[in-house]
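Read through the structure below, which is laid out as structure tokens, and then see the notes.
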Amino acid sequence: MDDKRNLIAAILLSVAILIGWNFVSEKYFPTPDTPDVTETVAGANGAAPAATPATQGQPSALPTPGAPAAQTIRPVDAVLAEGRRIPIETPAIKGSINLVGARIDDITLSKYRQTIKKDSPAVRLFAPGGTEAAYFASLGWSAQGIEVPNANTVWTASGAKLTPATPVTLSWSNATGQTFRIEYSIDADYLITAKQTIANTGTAPVNASSFALIDRLGKPTDPHEVDSWTIHVGPTGYLDGKSVFDTDYDDVEEATNRTVRYNSAGWLGFTDKYWLAAIVPAKGERVTAAISSPAANNYQTLFARDFRQIAPGTQVTTTSRIFAGAKEVSILSQYQDKEGITRLSNAIDWGWFEFFEVPIFKLLDWLFRMVGNFGVAIMALTLIIRLLMFPIANRQFSSMAQMRLVQPKMKALQERHKDDKPKMQQELMKLYKDEKINPLAGCLPIVIQIPIFYALYKVLMLTIEMRHQPFILWIKDLSAPDPLHILNLFGLLPFTPPSILSIGVLAVILGITMWLQFRLNPQATDPVQQQVFKIMPWLFMFIMAPFAAGLLLYWITNNILSIGQQQWMYRKFPALRAAPAK
Numbered sequence: 087m088d089d090k091r092n093l094i095a096a097i098l099l100s101v102a103i104l105i106g107w108n109f110v111s112e113k114y115f116p117t118p119d120t121p122d123v124t125e126t127v128a129g130a131n132g133a134a135p136a137a138t139p140a141t142q143g144q145p146s147a148l149p150t151p152g153a154p155a156a157q158t159i160r161p162v163d164a165v166l167a168e169g170r171r172i173p174i175e176t177p178a179i180k181g182s183i184n185l186v187g188a189r190i191d192d193i194t195l196s197k198y199r200q201t202i203k204k205d206s207p208a209v210r211l212f213a214p215g216g217t218e219a220a221y222f223a224s225l226g227w228s229a230q231g232i233e234v235p236n237a238n239t240v241w242t243a244s245g246a247k248l249t250p251a252t253p254v255t256l257s258w259s260n261a262t263g264q265t266f267r268i269e270y271s272i273d274a275d276y277l278i279t280a281k282q283t284i285a286n287t288g289t290a291p292v293n294a295s296s297f298a299l300i301d302r303l304g305k306p307t308d309p310h311e312v313d314s315w316t317i318h319v320g321p322t323g324y325l326d327g328k329s330v331f332d333t334d335y336d337d338v339e340e341a342t343n344r345t346v347r348y349n350s351a352g353w354l355g356f357t358d359k360y361w362l363a364a365i366v367p368a369k370g371e372r373v374t375a376a377i378s379s380p381a382a383n384n385y386q387t388l389f390a391r392d393f394r395q396i397a398p399g400t401q402v403t404t405t406s407r408i409f410a411g412a413k414e415v416s417i418l419s420q421y422q423d424k425e426g427i428t429r430l431s432n433a434i435d436w437g438w439f440e441f442f443e444v445p446i447f448k449l450l451d452w453l454f455r456m457v458g459n460f461g462v463a464i465m466a467l468t469l470i471i472r473l474l475m476f477p478i479a480n481r482q483f484s485s486m487a488q489m490r491l492v493q494p495k496m497k498a499l500q501e502r503h504k505d506d507k508p509k510m511q512q513e514l515m516k517l518y519k520d521e522k523i524n525p526l527a528g529c530l531p532i533v534i535q536i537p538i539f540y541a542l543y544k545v546l547m548l549t550i551e552m553r554h555q556p557f558i559l560w561i562k563d564l565s566a567p568d569p570l571h572i573l574n575l576f577g578l579l580p581f582t583p584p585s586i587l588s589i590g591v592l593a594v595i596l597g598i599t600m601w602l603q604f605r606l607n608p609q610a611t612d613p614v615q616q617q618v619f620k621i622m623p624w625l626f627m628f629i630m631a632p633f634a635a636g637l638l639l640y641w642i643t644n645n646i647l648s649i650g651q652q653q654w655m656y657r658k659f660p661a662l663r664a665a666p667a668k
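If you use the working numbering, the sequence shown corresponds to residues 87 to 668, in order.
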């Protein structure tokens with residue numbers, strides 16, 4: 087098999103995977119219909135959710151929603167300045183708890199900046215209601231015949247600041263003898279634990295159910311945070327025994343009663359490309375869960391527990407956890423393994439090739455920690471892959487050399503049996519056997535390269551460890567496209583070229599190295615192939631230009647190593663240099 091055909095096939099198949107899978111998946115693997123739902127969940131308007139009687143032996147019905155109250159949109163700083171708040175401070179996050187409603191509605195991520203600029207503010211995850219990007223977690227109760235705290239309740243705090251060393255307890259009592267408490271504690275990373283207690287000091291038993299929810303106003307507007315065929319952005323969780331990636335914001339809006347309900351939950355919430363907010367019941371606890379849209383542009387995830395009877399003089403405590411932070415692979419795995427949060431690592435949408443992508447990530451991350459530069463780590467990864475594939479490549483070149491040597495015999499067979507194709511195939515197979523040639527040997531490097539290329543693409547696109555990592559000179563973020571575009575004279579002209587024309591320096595280098603690689607190969611005898619080989623490098627320069635700079639760096643490095651390997655192989659197998667017999 088001609089090595090140029092192998093290269094073309096590898097490139098086309100790689101691009102087909104990156105670009106064409108969306109069409110194939112929608113046509114042949116359509117998203118299942120959203121489950122029918124008859125219940126909806128609590129709204130964000132501050133009204134106490136109405137209790138629904140529990141069905142014997144089944145999880146309690148979820149609280150009934152109310153329409154969100156109309157609010158004037160104001161800046162985040164203005165809303166935060168006027169509230170009664172308990173500060174939150176850990177090595178990873180800063181923020182506060184609103185004593186009105188006991189909402190966790192102010193979280194910024196200290197380790198991450200919004201852009202690569204040095205003075206860029208920290209990434210904001212949670213924001214209070216009444217702001218443009220309202221996004222918060224809250225806890226509550228449903229009960230029958232008693233007043234329960236709601237979004238307008240003013241709580242009393244036992245502490246001054248929530249830190250890993252200092253938990254904070256909020257409390258509130260109604261007029262009928264029930265006291266409600268939320269004890270917040272937090273670790274050094276992104277996990278908040280909330281113990282919800284209802285103590286009945288009244289004269290009669292009460293039926294109550296506790297719940298936790300995340301409320302979000304609006305969908306992400308950043309084009310890099312939009313749900314796509316390779317990266318899920320939107321509602322997610324481990325629900326009804328599986329990781330949910332096939333429910334997006336539109337699915338929730340179109341569902342019956344604007345709600346998708348589940349009978350069990352390990353965790354659920356909202357994922358962005360790099361960030362996650364999730365609520366987590368206690369390990370093994372039976373809950374009912376739902377993803378809903380109480381009103382246009384408003385979304386919720388919620389779980390609720392069974393109703394329980396609380397006798398006078400007794401209390402009931404339940405434990406919920408809230409994850410609010412970055413989707414760091416090691417942190418998610420730690421919470422999954424040590425905290426028992428089932429499949430939390432799947433908050434990263436690895437997809438079908440997780441078994442291959444995770445090892446690629448771990449190797450790349452280890453190389454990065456060893457060399458200290460992510461671009462150099464990508465180049466080292468490429469070198470390791472080429473070394474591992476060297477025996478296969480050696481066999482490929484040997485097979486191609488043998489194929490070229492026996493080409494006169496092959497042409498003679500094809501001419502002799504041109505009117506009897508079955509006979510021709512039979513004779514060709516016999517020729518391969520006699521000459522000890524494996525005609526498929528040249529295809530194996532293609533099969534291996536495709537999943538490696540795709541795995542690296544997913545790693546660069548998904549993992550926050552690669553976000554904002556610089557290489558050299560103008561490459562400040564290898565997870566983003568090359569910022570220097572030729573068409574605007576590297577930023578000197580005041581316009582941004584459209585994506586299809588955003589040809590950067592790395593894309594040009596990619597085209598040149600691919601052209602050099604083709605030039606090393608013997609010229610094809612077919613005029614059509616000759617034209618394809620001339621056009622292909624420059625066509626892929628345009629195709630690959632909008633991709634992450636790290637992906638182009640991988641391909642450029644691979645091309646350079648391939649050129650060196652080809653030069654060595656041509657010396658070892660001089661038959662490959664010879665013009666094919668006619």
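Don't be surprised by glycine CBs; every beta carbon is placed ideally from N, CA and C.
- In its chain, beyond the 5 residues on either side, Ser182, Ile183, Asn184, Leu185 and Asp192 have a beta carbon closer than 8 Å to the beta carbon of Arg171.
- Note that the C-beta distance between Leu303 and Trp353 is not below 8 Å.
- Contact between the region 315-327 and the region 284-293 is absent: fewer than three C-beta pairs spanning the two stretches fall below 8 Å.
- Distance check between Thr599 and each of Ser485, Ala498, Val373 and Ser648 places Ser648 closest, using alpha-carbon atoms only.
- Spatial neighbours of Phe447 in its own chain (CB-CB distance under 7 Å, excluding positions within 5 residues in sequence) are listed in chain order as Val415, Val545 and Thr549.
- Straight-line spacing of the CA atoms in Ala498 and Tyr360 works out to 60 Å.
- Runs of the beta strand (DSSP E) lying entirely within the region 151-181 and spanning at least 3 residues, in chain order: 171-175.
- The alpha carbon of Ser329 has as its nearest neighbour, out of Lys204, Lys369 and Asn432, the alpha carbon of Asn432.
- Judged by DSSP in its simplified three-state form, Asp451 adopts helix.
- Taking Pro660 as reference, the option from Leu491, Lys413, Leu450 and Glu551 with the minimal CA-CA separation is Leu491.
- Here Thr468 carries a helix assignment [DSSP, helix/strand/coil].
- Residues Phe439 and Phe442 of the same chain have their beta carbon placed closer than 7 Å to that of Pro537, with the five preceding and five following residues left out of the count.
- Annotation for Ile589: His571, Ile572, Leu573, Pro583, Met627, Phe628 and Ala631 place their beta carbon closer than 8 Å to its own, counting only its chain and skipping 5 residues before and after.
- For the pair Asn293 and Ala229, the CB atoms are nearer than the 8 Å cut-off.
- Under the DSSP assignment, Ser329 falls in the beta strand (DSSP E) whose first and last residues are Lys328 to Val330.
- Comparing C-alpha distances from Phe604 to each of Pro613, Glu513 and Met622 shows the shortest one belongs to Met622.
- Here DSSP, grouped into helix, strand and coil, assigns Gln555 to coil.
- In this chain, the beta strand (DSSP E) harbouring Thr374 covers Val373 to Ala381.
- With contacts defined as CB atoms closer than 8 Å, Leu596 and Met465 fail to qualify as a contacting pair.
- If you draw a straight line from the Cα of Trp452 to the Cα of Pro445, it comes to about 10 Å.
- When Ala280, Asn236, Phe539 and Tyr276 are compared, the shortest CA-CA separation from Thr255 is found for Ala280.
- Within the same chain, and ignoring the five residues on either side of Gly320 in sequence, the residues whose Cβ sits closer than 8 Å to its Cβ are Lys305, Asp313, Thr333, Asp334, Tyr335, Phe356 and Thr357.
- Excluding its 5 nearest sequence neighbours in each direction, Arg372 has C-beta neighbours in its own chain below 8 Å: Pro145, Ser350, Arg391 and Asp392, listed in chain order.
- Per the coordinates, the alpha-carbon of Ala164 lies some 53 Å from the alpha-carbon of Ile470.
- Scanning Phe222, Gly187 and Ala566 for the CA closest to the CA of Thr194 turns up Phe222.
- The three-state reading of DSSP puts Ser565 in coil, since its state is none of H, G, I, E or B.
- Where Asn293 is concerned, the enclosing beta strand (DSSP E) starts and stops at Val292 to Leu303.
- The beta carbons of Leu248 and Ala410 sit no closer together than 8 Å.
- For Val594, the closest alpha carbon among the candidates Met515, Trp624 and Ala382 is that of Trp624.
- Under the three-state reduction of DSSP, Leu499 is assigned to helix.
- Exclusion of the five residues before and after Ser296 leaves Trp227, Gln282, Arg391 and Thr404 as the residues of its chain whose Cβ lies within less than 6 Å of its Cβ.
- When the alpha-carbon of Ile478 is set against those of Val209, Val533 and Leu362, the nearest one is in Val533.
- The continuous beta strand (DSSP E) containing Lys197 extends over residues Arg189 to Arg199.
- Unbroken beta strand (DSSP E) stretches of 3 residues or longer found wholly inside the region 573-658: none.
- Judged by beta-carbon spacing, Ala237 lies beyond the 8 Å limit of Gly169, meaning their Cβ atoms are not closer than that value.
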